[in-house]
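In this note's numbering, the protein residues as written are 273 to 725. Built from N, CA and C at the ideal position, the CB exists for glycine as well. Every value quoted in this text rests on a predicted model; they were computed, and no experiment measured them. First up is the structure itself, then whatever we jot down about it.
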Ligand SMILES: Cc1cc2nc3c(=O)[nH]c(=O)nc-3n(C[C@H](O)[C@H](O)[C@H](O)COP(=O)(O)OP(=O)(O)OC[C@H]3O[C@@H](n4cnc5c(N)ncnc54)[C@H](O)[C@@H]3O)c2cc1C
């Protein structure tokens, strides 16, 4: 039930693609030659991609400045500890620990992790709190993987995953178990099924090995990477003028200039047009910004004085409404003293939650839990929530292959302009888009381009 799981499973039996040696050595190489080289770089955004680029460039003697719109670093690696437990509002999992640069970074930064076990078929409930038969669940899961291997053979450039799926499997489209499986295995990993490419829905490479969830906060990694870097917080970039030899950046009404600039703002920010580029970005890049999708996932953590739920890692529920609070991560599994559940909303339902008051949200979530565990269970003592769609620092959660997206569009987003304007961020990594490791690798990639000039 972790993101990208279906890709791992569909890759079974195939050789696992490993990171190229050049990328791996550069991402792990701390051997710096710190001598100033007289060249300046401004990095826009202090998410993991921007921080990775900044750290690497600083080690090579560049004079770096990071401009970050928010009052802290990390971007979508953001942890809220106000309830006394680390609630990761963005990324939670290291997807596949083998060869994954985030595994190494987690060790260096002191990010603790817990291996999550796929036991969702053990506690999967239908309406009325009826425990679903785990063999039927497992068979449906296996069938889903097989469908995901072949659906693209019926796909085309203009129709969505949902359209093709519903044509091929009309009886499954309204089946609650299938709605649940599509939501948690596909929509969560990618994006809105009615806009997901029927050709490219399972693009991207994956690291092998276990899935591990951060237990003391994913922000441990950006905080570690940020150490010793020149980062200016609360600096919102509004204009990037690359018409002259030096690139001029307008932020909070002041103009700074540098020899090179690395733009790492999320795809949602690029789509919003809130940053003016002078001259306008090349048409290929503008087209890619438009064609690649930006999804929405919202996360919720709820706490109670005592636990009333199953002692499994995941508790699943198969409601009529798709993408609505249909699975719960049992936080108690990795924090035994904490009585908390984390749940999710995806795609349009996720966007809808952003208009709901806390009380309304709690009511909706509790309706599901009360259907499973009975009407006597109490309301939570606290709840935290995210609103990724409305968040002006990202306007969405992560990128996905929408109808009309081509894989070359990710490369178009990564393309540098005139050897002075560079682009990083998860949405620029054709192999690993939508992930923390993809974002990290993109920052290293762009730093290497500048170093090699
Ligand atoms: C809900 C959710 C769940 C996720 N789950 C996982 C997961 O389990 N595992 C995983 O690997 N990945 C996951 N991801 C994806 C992962 O978090 C991202 O891919 C990664 O953090 C993106 O890093 P980035 O550097 O590309 O962008 P960001 O982290 O978004 O950094 C961009 C920075 O730019 C700043 N910025 C924006 N506009 C401006 C401006 N105008 N001026 C200056 N600064 C600006 C932002 O504030 C931000 O700090 C999840 C993401 C979300 C939202």
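Set against 8 Å, the gap from the CB of residue 392 to the closest heavy atom of ligand 1 is not smaller. Selection 536, 370 and 542 evaluated against residue 484 yields 370 as nearest (Cα-Cα).
Assignment of residue 708 by DSSP, reduced to helix, strand and coil, places it in the helix class. Here the distance from the Cβ of residue 413 to the nearest heavy atom of ligand 1 is not below 8 Å.
Separation of residue 575 and residue 683 (C-alpha to C-alpha, rounded to the nearest whole angstrom) is 43 Å. Distance from the Cα of residue 667 is smallest, within the candidate group 347, 609 and 330, for 347. With a contact defined as Cβ atoms closer than 8 Å, residue 677 and residue 520 miss out at about 32 Å. In the DSSP assignment, residue 348 falls outside any alpha helix (DSSP H), carrying neither H nor E. In this structure, ligand 1 has no non-hydrogen atom nearer than 8 Å to the beta-carbon of residue 430. Sequence-distant Cβ neighbours of residue 593 in its own chain, meaning closer than 8 Å and more than five residues away, are 621.
Rounded to whole angstroms, the gap between the alpha carbons of residue 328 and residue 687 is 19 Å.
Pairing residue 649 with residue 580, the inter-Cα distance amounts to about 7 Å. With a threshold of 8 Å, the Cβ atom of residue 537 counts as near ligand 1, since some heavy atom of the ligand is closer than that. Residue 345 sits away from residue 539, with the two beta carbons spaced by 9 Å or more. Of the heavy atoms belonging to ligand 1, none sits nearer than 8 Å to the Cβ of residue 375. Distance from the Cα of residue 413 is smallest, within the candidate group 393, 504 and 473, for 393. From the listed residues 318, 426 and 336, the smallest Cα separation to residue 308 is found for 336. Taking 9 Å as the cut-off, the beta carbon of residue 566 is found no closer than this to the beta carbon of residue 470.
Pairing residue 365 with residue 516, the inter-Cα distance amounts to about 42 Å.
Taking the C-beta atoms as reference points, residue 589 is found nearer than 9 Å to residue 397.
The alpha carbon of residue 692 has as its nearest neighbour, out of 569, 532 and 586, the alpha carbon of 532. Boundaries cannot be given for residue 604, as no beta strand (DSSP E) includes it and DSSP labels it neither H nor E. When the Cα atoms are used, residue 610 and residue 602 turn out to be separated by approximately 10 Å. Residue environment analysis places residue 503 among the buried positions, since at least 16 neighbouring C-beta atoms fall within 10 angstroms of its C-beta.
Secondary structure note for residue 495: it is in no beta strand (DSSP E), and the uninterrupted alpha helix (DSSP H) holding it is 492 to 498. Residues 334 and 531 of the same chain have their beta carbon placed closer than 6 Å to that of residue 311, with the five preceding and five following residues left out of the count. Take residue 441, set aside five residues on each side of it, and the residues of its chain with a beta-carbon closer than 8 Å to its own are 419 and 450, in chain order.
In this structure the region 450 to 466 touches the region 615 to 630; the number of beta carbon pairs closer than 8 Å is three or more. Check the Cα spacing between residue 526 and each of 543, 508, 535 and 514: the tightest is with 508.
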